[in-house]
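J.: Let me give you the structure first, and then I'll get to my questions.
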Amino acid sequence: MAPLIVLVGVTALLLALGAAGVRPLRSWPPALRGGLAAMFTLTGVSHFVGMREVMVAMVPPALPAPELLVTVTGILELAGAAGLLWARTSPWAAAGLGVLLVAMFPANVHAITTQVSTGLTDNLPVRTAMQVVFLAATLAVLVHHLRAGRRVDPVGTATPQRHRTESTEQT
23 MAPLIVLVGV TALLLALGAA GVRPLRSWPP ALRGGLAAMF TLTGVSHFVG
73 MREVMVAMVP PALPAPELLV TVTGILELAG AAGLLWARTS PWAAAGLGVL
123 LVAMFPANVH AITTQVSTGL TDNLPVRTAM QVVFLAATLA VLVHHLRAGR
173 RVDPVGTATP QRHRTESTEQ T
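Be aware that the sequence shown starts at 23, since it is given in the working numbering, and climbs by one per residue.
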């Protein structure tokens with residue numbers, strides 16, 4: 023539940039700072055990227071500190087080298103968190119983290135069905151709903167970037183936003 027609290031709490035705090043006048047945080051995408059970055063920093067660090075043994079136990083037995091998998095996924099989460107903080111890399115980071123969430127979901131199912139005590143919720147529908155929220159947040163960052171990077175001209179064809187001229191930006 024802590025990752026969800028961090029995601030929601032940090033996103034809300036950043037939105038509040040935007041409303042208070044912090045210009046870069048006035049829209050939801052940077053706030054959501056910051057909330058996701060905080061959440062994935064928390065979960066990435068937990069792959070190395072505090073919950074490492076639990077995470078190793080969560081890895082389904084069909085997968086080889088559980089310790090290595092936990093290390094690699096922790097590094098990927100931390101790299102993704104850093105990537106979310108820079109607008110240019112945020113869509114790639116969001117996409118990668120979304121794939122990682124889907125790929126790691128079987129570990130959550132394994133932990134619940136084999137009753138590995140994680141200290142997290144041991145309720146599969148609740149855990150699934152949280153994963154869906156996390157996945158939706160990463161997809162929102164990606165979709166926003168894809169939509170913002172393109173515009174529709176009067177003829178209706180999509181063109182990259184970076185190719186707009188000043189005269190078309192003012193209209």
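Built from N, CA and C at the ideal position, the CB exists for glycine as well.
(1) Looking at the unbroken alpha helix (DSSP H) that takes in Gly40, where does it start and where does it end?
(2) For Ile134, is the classification buried or exposed, using 16 other Cβ atoms within 10 angstroms of its Cβ as the cut-off for buried?
(3) Which of helix, strand or coil does DSSP assign to Met73?
(4) Answer yes or no: do Leu47 and Leu36 have a C-beta to C-beta separation smaller than 9 angstroms?
(5) Using alpha carbons as the reference points, say which of Ala129, Arg169, Ala151 and Leu168 lies closest to Pro83.
(6) Is the segment 90-102 touching the segment 57-70 in the sense that three or more CB pairs, one from each, lie closer than 8 angstroms?
(7) Kindly list the residues whose CB is nearer than 6 angstroms to the CB of Pro147, restricted to its own chain and excluding five residues on each side of it in sequence; keep chain order.
(8) Residue range of the alpha helix (DSSP H) that Thr135 falls in?
(9) Within 10 angstroms of its Cβ, does Met126 collect 16 or more other Cβ (buried), or is it exposed?
(10) CB-CB under 7 angstroms to Thr193, same chain, minus the five flanking residues each way: which ones, in chain order?
(11) Spatial neighbours of Val30 within its chain, please: CB distance less than 8 angstroms, with the 5 preceding and 5 following residues excluded, ordered by chain position.
(12) With a Cβ-Cβ cutoff of 9 angstroms, do Leu106 and Val163 count as a contact?
(13) So, Ala159 versus Ala104, is the Cβ gap smaller than 9 angstroms?
(14) Quick one: grab the DSSP three-state call for Gly56.
(15) Quick one, which of His166, Val165 and Val131 has its alpha-carbon nearest Ala151's?
(16) I need the straight-line Cα distance from Met61 to Leu119, nearest angstrom please.
T.: Reading off the structure:
(1) Ala24 to Ala41
(2) buried
(3) coil
(4) yes
(5) In terms of CA proximity to Pro83, Ala129 leads the group Ala129, Arg169, Ala151 and Leu168.
(6) yes
(7) The answer is none, since no qualifying residue turns up.
(8) Thr135 -> alpha helix (DSSP H) spans Ser112 to Thr135.
(9) buried
(10) Only weak support is given to the placement of Thr193: the predicted model assigns it a pLDDT of 39, under 50, and the value that follows is read from those uncertain coordinates. For Thr193, where only same-chain residues beyond five positions count, there are no Cβ hits under 7 angstroms.
(11) Gly57
(12) With contacts defined as CB atoms closer than 9 angstroms, Leu106 and Val163 qualify as a contacting pair.
(13) no
(14) helix
(15) Val131
(16) 11 angstroms
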